[in-house]
Amino acid sequence: MTGTRGYGHRAAWLTLASALVGILLLVGGAGGGSFAAKPAKAESPITLPEPEPIGYSVEGRPIVAFRLGSGPRPVVIVGAIHGSEGNTETLVHQLLRHFATTLHLLPPEVSLYFLPALNPDGLSRGERYNARGVDLNRNWDSGDWQPDSRDASGRVAGGGGAAPFSEPETKALAEWLFAQRDASGQRVTVLFYHSAYPPNGVVMSGSAGPSVTHPFARVVGYRPASGRWEAYPVTGTAPIWCSHHGLSCFEVELPDHRPLSDAQAQRHAAAILSVLVWEQTRPDQRCFAETGFAWRVASVRSGNRVEG
2 MTGTRGYGHR AAWLTLASAL VGILLLVGGA GGGSFAAKPA KAESPITLPE PEPIGYSVEG
62 RPIVAFRLGS GPRPVVIVGA IHGSEGNTET LVHQLLRHFA TTLHLLPPEV SLYFLPALNP
122 DGLSRGERYN ARGVDLNRNW DSGDWQPDSR DASGRVAGGG GAAPFSEPET KALAEWLFAQ
182 RDASGQRVTV LFYHSAYPPN GVVMSGSAGP SVTHPFARVV GYRPASGRWE AYPVTGTAPI
242 WCSHHGLSCF EVELPDHRPL SDAQAQRHAA AILSVLVWEQ TRPDQRCFAE TGFAWRVASV
302 RSGNRVEG
């Protein structure tokens, strides 16, 4: 990652710093800082972008993406690949609303895409699988795909689908990601949100690697995972497929199935903005140092300085 590229004049950095300190004001308190609360202001209506269908589910529900920014480098946030993980859909909507009010923080080379629910059929029932009983994170052409899958309950016959990309949801997302990559000619970053196994908040490195996922975990206050998923065998997963096709991908497991508070969602917004959008991955880089991230993360995590 290159955190020292030119981001404009000092005034632009002060704008970024001011807005991100506003984020930290919302999440402050756990670290014992001296920030003072400001009087609440009347909220203006939030203008959201129009949803763009990228495909349809087995039962014909649209799978939509919301785009913010117009730059060539895509950063993609995906929720509800498992329909039983509804708080991930809620979080993606929270993030969309946050970034829709802070568009001035997006650098001109980035477009942010929000896909709240890859599995709308499962989400409508509160079930992990899609309408054909397939686990959408076991249906990718990852080189290790199997027709039967496993999850925390054990072996699931047919859980991987009839073939890789047999399901319209995974096929649509894969084709859309290829289209983004080919149109931009730049690296595509994909973040998949899950919940909640193991039940303590964890960031899996995937093809993005620890240089991205460790600082992301520091900002949100989660644990960075070491190595591959070992709770049970997994095959046909989206992150492995991404790694085979040059996409920078990782997964975040939320601590439980409850919706995140606004303050918790703001931590994720701060991590996405600093680490994925501005590519600031070290506490001594400007997006951390000039916004107080280094101090705040140190206070929350250890009461001492941040090591990075």
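Per this note's numbering: the sequence shown = residues 2 to 309. For glycine and all other residues, C-beta sits at the position ideal for the given N, C-alpha and C. Predicted, not measured: the structure shown is a model, and the values here were computed from it.
Assigned secondary structure, residue i (DSSP; H/G/I helix, E/B strand, else coil)
i    : result
H246 : coil
R129 : coil
I241 : helix
E176 : helix
L116 : strand
R62  : coil
I47  : coil
R98  : helix
L261 : coil
E90  : helix
L124 : helix
L274 : helix
L107 : coil
Outcome for residue i when other beta-carbon atoms lying within 10 angstroms are tallied against a minimum of 16
i    : result
S275 : buried
S208 : buried
T48  : exposed
P199 : exposed
L104 : exposed
R188 : exposed
R201 : Strictly speaking, residue 201 in this sequence is Asn, with Arg absent from that position. Exposed, by the Cβ-count rule.
P46  : exposed
R259 : exposed
F217 : buried
R306 : Per-residue confidence for R306 stands at a pLDDT of 31, beneath the threshold of 50, marking its modelled position as unreliable; the derived number appears in the next sentence. Exposed is the call here.
S150 : buried
Boundaries (first-last residue) of the alpha helix (DSSP H) holding residue i
i    : result
V220 : 211 to 221
Boundaries of the beta strand (DSSP E) in which residue i is found, first to last residue
i    : result
H195 : 190 to 196
E53  : 53 to 57
A232 : Run containing A232: none; DSSP gives neither H nor E here.
I1   : Residue coverage of the chain in this structure runs from 2 to 309, which leaves residue 1 outside it and unanswerable.
Residue i CB to nearest heavy atom of the ligand ADP below 7 Å
i    : result
L192 : Judged by which ligands are present, the structure shown has none, so any question about the ligand ADP falls away.
Item checked: Any beta strand (DSSP E) of 3 or more consecutive residues that is wholly inside the region 134 to 174 -> Qualifying beta strand (DSSP E) stretches, in chain order: 150 to 152, 155 to 157.
Notebook entry, point to check: Quick check: the region 62 to 80 against the region 114 to 128, are there 3 or more CB pairs under 8 Å?
Noted result: The region 62 to 80, when compared against the region 114 to 128, does touch it at the 8 Å Cβ threshold.
Next item on the list: Count the CB pairs spanning the region 73 to 92 and the region 260 to 278 that are closer than 8 Å, and state whether there are at least three.
Entry: Touching, yes, given that three or more Cβ pairs across the two stretches are closer than 8 Å.
Check: Between the region 132 to 143 and the region 235 to 242, do three or more beta carbon pairs fall short of 8 Å?
Finding: Here the region 132 to 143 lies against the region 235 to 242, with 3 or more beta-carbon pairs under 8 Å apart.
Check: Between the region 183 to 197 and the region 250 to 268, are three or more C-beta pairs nearer than 8 Å?
Finding: Three or more Cβ pairs drawn from the region 183 to 197 and the region 250 to 268 lie within less than 8 Å of each other, which places the two stretches in contact.
Check: Are at least three pairs of beta-carbons, each pair with one atom in the region 131 to 140 and one in the region 74 to 84, less than 8 Å apart?
Finding: The region 131 to 140 makes contact with the region 74 to 84, as at least three CB pairs between them are under 8 Å.
Next item on the list: State whether the region 166 to 174 contacts the region 52 to 59, with contact taken as three or more CB pairs (one from each stretch) at a distance under 8 Å.
Entry: A contact exists between the region 166 to 174 and the region 52 to 59.
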